[in-house]
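In the UniProt record's numbering, the protein residues as written are 1 to 86.
Every residue gets a Cβ at the ideal spot worked out from N, C-alpha and C, and that includes glycine.
Each remark here refers to the structure printed beneath this line.
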């Protein structure tokens with residue numbers, strides 16, 4: 001009876017250690033994958049952003065949109081507003 005109990009406890013402890021080891025390794029691989037994806041997204045964002053001489057970041061505006069915007073509004077940008085009466 002004691003022998004059976006010791007064997008069951010030993011096997012249970014061993015399985016617990018193995019499961020813990022494999023979960024840690026899988027979690028580490030997952031964390032590494034997430035970091036790689038985040039770095040790739042950051043690289044892509046840096047590619048799509050240009051830096052001027054003054055250190056100002058300017059997002060790239062597609063040519064079609066820029067041309068349309070220039071045709072629609074002449075003499076400045078229109079800002080819609082409402083007066084608030086107190």
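Secondary structure of residue 21 (DSSP, three-state): helix.
Non-local C-beta neighbours of residue 86 in its own chain, meaning closer than 6 Å and more than five positions away in sequence, are absent.
Secondary structure at residue 86: coil, using DSSP grouped into helix, strand and coil. Look at residue 34 here: in three-state DSSP terms it is helix.
Residue 11 sits in a helix when the DSSP states are folded into three classes.
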